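Peer 1: Handing you this structure, nothing more for now.
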Amino acid sequence: MQPIRTFNVSPSLPTILEPLRKLAYNLHWDWNVETKDLFRRLDRDLWDSSNQNPVLMLGTISQERLEEMAEDKGFIAQMNRAAQQLEDYLKNRAWYRKQRGTDLEECYAYFSMEFGLVKALPIYSGGLGVLAGDHLKSASDLGLPLVGVGLLYQEGYFSQYLNADGWQQERYPLNDFYNMPLHLERNPDGSELRIEVDYPGRKVYARIWRVQVGTVPLYLMDTNIEPNSRYDQDITDQLYGGDKTLRMHQEIMLGIGGVKMLKALGLTVTAYHMNEGHAAFMALERIRILMEEHHLSFTEAEQVVISSSMFTTHTPVPAGFDLFEPSMVMHYLGQYPKIFGLSQEDFLALGRENTGDASAPLNMAILAIKMSSFVNGVAALHGVVSRPMFGGLWPGLPQEEVPITSITNGVHARSCVAKSTQELYDRYLGPDWEMTRKDDRLWDKMASIPDEELWRNHERCRSELVVFAREWLQKTLRERGAAQGEIEQAREALDPKVLTIGFARRFATYKRATLFLRDVDRIMRIMRDQNRPVQFVIAGKAHPMDIPGKELIRDIVHFIREHDTMSSMVFLPNYDINVARMMVSGCDVWLNTPRRPREASGTSGMKASMNGLPNLSILDGWWDEADYVRTGWPIGHGEFYEDTKYQDDVEANALYDLMEKEVVPLFYNRDSDGIPRGWTAKMKDSIRLNCPFFNTARMVKDYARRAYFPVSDRFYTMTKDNCAPAKELSSWKQNLLQKWHDIKIEAVDISQDQEVKVNQSIDVKARINLMGLTPSDVQVELYQGSVDANGEIVGGVPMVMEYLGQDAHNASLYTADIAYTSSGLQGLSLRVLPKHENLSSAYEPGVILWAH
1 MQPIRTFNVS
11 PSLPTILEPL
21 RKLAYNLHWD
31 WNVETKDLFR
41 RLDRDLWDSS
51 NQNPVLMLGT
61 ISQERLEEMA
71 EDKGFIAQMN
81 RAAQQLEDYL
91 KNRAWYRKQR
101 GTDLEECYAY
111 FSMEFGLVKA
121 LPIYSGGLGV
131 LAGDHLKSAS
141 DLGLPLVGVG
151 LLYQEGYFSQ
161 YLNADGWQQE
171 RYPLNDFYNM
181 PLHLERNPDG
191 SELRIEVDYP
201 GRKVYARIWR
211 VQVGTVPLYL
221 MDTNIEPNSR
231 YDQDITDQLY
241 GGDKTLRMHQ
251 EIMLGIGGVK
261 MLKALGLTVT
271 AYHMNEGHAA
281 FMALERIRIL
291 MEEHHLSFTE
301 AEQVVISSSM
311 FTTHTPVPAG
321 FDLFEPSMVM
331 HYLGQYPKIF
341 GLSQEDFLAL
351 GRENTGDASA
361 PLNMAILAIK
371 MSSFVNGVAA
381 LHGVVSRPMF
391 GGLWPGLPQE
401 EVPITSITNG
411 VHARSCVAKS
421 TQELYDRYLG
431 PDWEMTRKDD
441 RLWDKMASIP
451 DEELWRNHER
461 CRSELVVFAR
471 EWLQKTLRER
481 GAAQGEIEQA
491 REALDPKVLT
501 IGFARRFATY
511 KRATLFLRDV
521 DRIMRIMRDQ
531 NRPVQFVIAG
541 KAHPMDIPGK
551 ELIRDIVHFI
561 REHDTMSSMV
571 FLPNYDINVA
581 RMMVSGCDVW
591 LNTPRRPREA
601 SGTSGMKASM
611 NGLPNLSILD
621 GWWDEADYVR
631 TGWPIGHGEF
641 YEDTKYQDDV
651 EANALYDLME
661 KEVVPLFYNR
671 DSDGIPRGWT
681 AKMKDSIRLN
691 CPFFNTARMV
701 KDYARRAYFP
711 VSDRFYTMTK
721 DNCAPAKELS
731 SWKQNLLQKW
741 HDIKIEAVDI
751 SQDQEVKVNQ
761 SIDVKARINL
771 MGLTPSDVQV
781 ELYQGSVDAN
791 GEIVGGVPMV
801 MEYLGQDAHN
811 ASLYTADIAY
821 TSSGLQGLSL
831 RVLPKHENLS
841 SAYEPGVILW
851 AH
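Quick note on numbering: our numbering labels position 655 of the sequence shown as 655, and the sequence is numbered without any gaps.
Given below as structure tokens:
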């Protein structure tokens, strides 16, 4: 029966408890111990059963309990402290103001397909979403003028359960938006604020919800409204659900709808950040708006967009990017080339590497790169992997100079460190430890934490994990209808005093979740050592369509049953933020076994290290740049293998060796007080060396200084005086590209023969015919370095040549003196690059000319 009218019923709070409402609707409670404890104190059982959702708690708690707490002076005092902490927090934008002052009107928009913020908002699938959520939290901590842009999924990502055979099954529980920490954005007259997005033959409408993440608003679009058709209502039904067509619908809504939403909210965005390529269509809508409102040509509007956009890739393999066939692109986006005045092929070329291949799909990552002035991977090694992947977009440019840099990921410390551990750090390191840099002397204070206190705290965390795991297993087994005997077994799972190794991540085959089970006899000996036993806690989800990933989960479940190891190995179904937090604080070692270099970054190991856990990991992602000797154990030395079976054998054996010879002995080597001094030293190193760098406070500062600030500045530069600089730069680029391939390097004169001495001066002169370009349009460089076995210069270093003037034939003359600081076979070349004060870099036009 359909209602004839609906009401949004809000909790009825005693007046004195009204501050609870504001506290509940700002996710600052998630990383503020005082506030989280406050809601727990209100009703601990309800806190857990509501998925740690304070909004739902306030709507379902009994009125009698509210009245009781209204009379509790201790509770009122704690509530008022928490409310004051929130007020003080919201006013503090010190870091940003110190960097940028108070006069700038800036706004940075961060687009992501998923955001993992709290358990109560299940609109994320894994690492990408949690990273995006942590990004918002640290942007709030630093006071950045950032807003998030995403989709609000009615079913979100799936809840996982296992059938009797251990095969992953999926449930899609409906999200009740009105009982979640969400605000529905409205017009001044009280009606819902909505946007409309053009789809073939129709318009699709979306309303806007806001999640307040400290000072940062996250705006989410929801299409599950009338007058949308049933199909269009389901655009925001499931995260990563459906087929390629639904993915196209979602990415149109995220990118194009996201731009429309920001405009409807009255926000003037000065920097657009695409977190993965899902939002790349936003560039098209931005160009359309600029052409319409500022009467710009396509190339002029495109220049504004490029100058004020940035792109972060998280994918280390080409197969991981979204590709759309030309016919599908033109069906859904065919209005844009008409508006832009482009042919179909020129339009599709915006998202192709080989622009001459008419059959090539549109690659969302390439579209994002071409529309950005700053591009980065998410770890140093990921940057190295990404540069050759996309190097074809800059033909002739040495691989190491491809303009894809890296900003290593981090995690939000206050969100992942256990409460008791945070309190320990607060006592010995001070209350701002999570915001402090690696070179700060504060981290020397780690030595002042007594080993006994650090160890006893960690033992409590391990005991809490064991209790949690037993309860979680019993709950999930009951829900599955398991036999009573299996439920009874779960009550005895794990031992709170045994070395506990954790493994939790998305179950994709390249992550090799079962590598540690490769030699069954050996791992059983390790686990069942009478004097030094080992146990494992495992969790993670496979994508619903990933059959090999599901098989890995089933293999682990079968191993546990066949070898009767539930007492020392458990798989925790339905991995989520809360399960992750329990594991990274309660395990002793964090295991990670990806096939290098397939892990772009990885963040679970960072969270573990912040809780004092050493990592036991393949040298991939973030771990490759950590101090993996002092803060854990590297599996292998970063080797590459052609034969993957051989690789698995070698690395599994290396893992067993490390466990037997180093990890297990160090853990169980106790002094007369029962303290493993060597282990606690490694814990302290893990905290001291990893905590201050692999955190999102450092990461977001890097994004701000290296990307947001310069990108925002370029936006203002490009758009001042009715976009005059963008028009001039666009015209300059067109002229440059028309004449570039006519440039002639007519002569390069080198003063020395082939034999030179170290540090001997070499005079180089060049004569270049710029063919209508001026010397101010170009930069001429010498490029020198060692020559490898293939005759190529490697590790080349550029040196700008000095312009001397023109000769009688109007050729431009250049000179430079160089010297080599090491012996051996060295090489020298000359190149010409574009030069303009408003280019983001010399590589932006995508052309380079080398001497031959």
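All C-beta atoms in this analysis are idealised placements derived from N, C-alpha and C, irrespective of residue type, glycine included.
Since this is a predicted model, take the numbers as computed values, not measurements.
1. Would M566 and N690 qualify as a contact pair, given that the criterion is a beta-carbon distance under 8 angstroms?
2. Could you check the C-alpha separation between E106 and R97 for me, to the nearest Å?
3. Would you mind giving the Cβ-Cβ distance between V197 and M253, rounded to the nearest angstrom? I have them listed as a contact below 8 angstroms.
4. With a floor of 3 residues, list each beta strand (DSSP E) that falls wholly inside the segment 289-357, ordered by position along the chain.
5. Cβ of I577 within 8 angstroms of Cβ of G116?
6. Considering only their Cβ atoms, is the gap separating Y510 from R595 smaller than 8 angstroms?
7. In this structure, what does DSSP give as the bridge partners for E170?
8. Per the contact definition of three or more C-beta pairs closer than 8 angstroms, is the segment 618-631 in contact with the segment 602-609?
9. May I have the straight-line CA-CA distance separating Y703 from Q530, to the nearest angstrom?
10. I287: which of I768, K733, A726 sits nearest, CA to CA?
11. Which residues in the same chain have their Cβ closer than 6 angstroms to the Cβ of T476, if we skip the five residues on either side of it in sequence?
12. Residues in the same chain with beta-carbon distance under 6 angstroms from A368, minus the five sequence neighbours each way, listed in chain order, please.
13. So which of V55, D45, W29 has the shortest CA-CA distance to Q84?
14. Work out the CA separation of S309 and P337 for me, nearest whole Å.
15. What separation, rounded to the nearest whole angstrom, lies between the Cα atoms of L517 and G795?
16. If you follow the alpha helix (DSSP H) that N578 is in, where does it begin and where does it stop?
17. Expressed to the nearest angstrom, what Euclidean distance is found between the alpha-carbon atoms of Q779 and T236?
18. Would you list the residues sitting across from N26 in a DSSP beta bridge?
19. Going by beta-carbon coordinates alone, are E300 and C723 separated by less than 8 angstroms?
20. Counting C-beta neighbours from all protein chains within 10 Å, is the total for D439 16 or more, i.e. buried, or is it exposed?
21. For the segment 253-264 and the segment 219-226, state whether three or more C-beta atom pairs, one from each stretch, are separated by less than 8 angstroms.
22. First and last residue of the beta strand (DSSP E) that includes H273?
23. G156 and I208 - do their beta-carbons sit closer together than 8 angstroms?
24. Please report how far the alpha carbon of T408 lies from the alpha carbon of V700, in whole angstroms.
25. Let me know if E226 comes out buried or exposed under the rule of 16 or more other beta-carbons within 10 Å of its beta-carbon.
26. Please determine, among V149, V584, L666, P200, the residue with the shortest C-alpha to C-alpha distance to S463.
27. Short check: CB of D777 to CB of P834, under 8 angstroms?
28. Could you compute how far the alpha carbon of D807 sits from the alpha carbon of L813?
29. By the 10 Å Cβ neighbour count, where 16 or more other Cβ atoms means buried, how is E599 classified, buried or exposed?
30. On a CA-only basis, which of Y108, R21, V800 is nearest T270? Give me that one, please.
31. Could you pull the DSSP bridge partners for W590 from this structure?
32. Going by DSSP, which residues form a beta bridge with K744?
33. Assign S406 to one of three DSSP states: helix, strand, or coil.
34. Hey, E452 and D713 are a contact pair by Cβ (cut 8 angstroms); roughly how many whole angstroms apart?
35. Give me, in chain order, the residues of the same chain whose beta-carbon lies closer than 7 angstroms to that of N457; leave out the 5 immediate sequence neighbours on both sides.
36. Would you kindly work out how many angstroms separate the C-alpha atoms of A206 and V149, rounded to a whole number?
Peer 2: By the coordinates alone:
1. Taking 8 angstroms as the Cβ cut-off, M566 and N690 do not qualify as a contacting pair.
2. Cα to Cα, the separation comes out at about 12 angstroms.
3. In this structure V197 touches M253 by the C-beta definition: roughly 6 angstroms separates them, less than 8 angstroms.
4. Note on the segment 289-357: whole beta strand (DSSP E) runs with a minimum of 3 residues are 309-312, in chain order.
5. Yes. Within cutoff.
6. Yes, these two residues count as a Cβ contact at 8 angstroms.
7. Beta bridge pairing from DSSP links E170 with Q160.
8. Note that the segment 602-609 touches the segment 618-631; at least 3 beta-carbon pairs, one per stretch, sit closer than 8 angstroms.
9. Taken atom to atom, the span from the alpha-carbon of Y703 to that of Q530 is near 50 angstroms.
10. Selected option, being the one with the closest Cα: A726.
11. Once the five neighbours on either side are set aside, the close Cβ partners of T476 are P573.
12. For A368, where only same-chain residues beyond five positions count, the Cβ hits under 6 angstroms are M274, G277, A280, F311.
13. Of V55, D45, W29, the residue nearest in Cα terms is W29.
14. If you take the alpha carbons of P337 and S309, they lie about 20 angstroms apart.
15. Distance between the alpha carbons of L517 and G795 is about 41 angstroms.
16. In the DSSP assignment, N578 falls within the unbroken alpha helix (DSSP H) covering 577-586.
17. Between the alpha carbons of Q779 and T236 lies a gap of roughly 49 angstroms.
18. Bridge pairing for N26: Q212 [DSSP].
19. Cβ distance < 8 angstroms, so E300 and C723 count as in contact.
20. Result: exposed.
21. Verdict: yes, contact present.
22. 271-275 is the extent of the beta strand (DSSP E) around H273.
23. Against a cut-off of 8 angstroms, the Cβ pair of G156 and I208 comes out as no contact.
24. Their Cα atoms are separated by approximately 10 angstroms.
25. Residue environment for E226: exposed (fewer than 16 other C-beta atoms within 10 angstroms of its C-beta).
26. Of the candidates V149, V584, L666, P200, the one whose C-alpha sits nearest the C-alpha of S463 is V584.
27. For the 8 angstroms CB-CB criterion, D777 and P834 form a contact.
28. If you take the alpha carbons of D807 and L813, they lie about 7 angstroms apart.
29. Buried, because 16 or more other Cβ atoms sit within 10 Å of the Cβ of E599.
30. The candidate whose alpha carbon is nearest that of T270 is Y108.
31. Per DSSP, G502, N615.
32. DSSP lists N769 as partners of K744.
33. In the three-state scheme derived from DSSP, where H, G and I count as helix and E and B as strand, S406 is classed as strand.
34. With 8 angstroms as the limit, E452 and D713 do not qualify as a contact, their Cβ atoms being about 52 angstroms apart.
35. When the five nearest sequence neighbours on each side are left out, the beta carbons in the same chain lying within less than 7 angstroms of the beta carbon of N457 are those of S420, T421, L424, in order along the chain.
36. For A206 and V149, the distance between alpha carbons rounds to 13 angstroms.
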